[in-house]
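So the sequences go chain by chain: B and D.
So the first sequence is numbered by my numbering: it starts at 2 and just counts up by one.
So the second sequence is numbered by my numbering: it starts at 932 and just counts up by one.
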Amino acid sequence: DTGVSQDPRHKITKRGQNVTFRCDPISEHNRLYWYRQTLGQGPEFLTYFQNEAQLEKSRLLSDRFSAERPKGSFSTLEIQRTEQGDSAMYLCASGRDNTGELFFGEGSRLTVL
Amino acid sequence: GESVGLHLPTLSVQEGDNSIINCAYSNSASDYFIWYKQESGKGPQFIIDIRSNMDKRQGQRVTVLLNKTVKHLSLQIAATQPGDSAVYFCAENGAGNTPLVFGKGTRLSVIA
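See the structure below:
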């Protein structure tokens, strides 16, 4: 257990529905990252926050994807109007400034029917 | 031996043998590298890291080697155990605190 919590661990939804994932990072970490991982691939960077500021969001896959970290602690990743191609594992990681190591949660697996 | 699967390169080793997993990275400006282990259904787990001012770093049963000339990273696991069976990813961090970029991964299978 790395100390990064993700919820829910599994989500099955119908195409067109909205889904939201939550990540609680390690409390003293000011950086929070979202990655997506599909079968047989390495994690793919989506977006990240330093405290409450979203520093990079150009890698979000489409305008259906959005992320927030309103108080600089937990974060949410929302996918609107889900499509079957959104089926993947969504991973959250946290880390400190000036270190590169990221601590990953166990992921939230999304299945879009 | 080593074989290429449908999705991931696979390395099969006998229990007790040493394993070497290789990775070619892409960004010559990267100054920090990490190896992660990922078991089925779990998130990546940190194994060992190395900065670009080093060419070798050792941990418990693991060694990472960095060759910046050819942009190559390797992970050596000594006395491989069944619990080492997993997918191993190398990740690089471009100069500065840019987000980690992951490689494709190698599946390690340990034969008891």
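Glycine included, every Cβ here is placed at the ideal spot set by N, Cα and C.
Asked, Found
"Contacts around D/Arg992, its chain only, beta-carbon distance under 7 Å, and the 5 residues preceding and following it disregarded", "Ile1008, Ala1009, Ala1010"
"Status (buried if at least 16 other CB within 10 Å, exposed otherwise) for B/Thr112", "exposed"
"Supposed close pair D/Val1018, D/Arg1038 - CB separation, criterion 8 Å", "5 Å"
"Neighbour list for D/Val1032 in chain B, Cβ cutoff strictly below 8 Å", "Phe46"
"D/Ile965 beta carbon less than 8 Å from that of B/Gly96", "no"
"C-beta neighbour in chain D for B/Tyr49, strict 8 Å", "yes"
"Interface residues of chain B facing D/Pro975 [CB-CB closer than 7 Å]", "Pro44, Phe105"
"CB contact below 8 Å: D/Gly1025 versus chain B", "no"
"Bridge partner(s) assigned by DSSP for D/Ser957", "DSSP lists no partner for D/Ser957."
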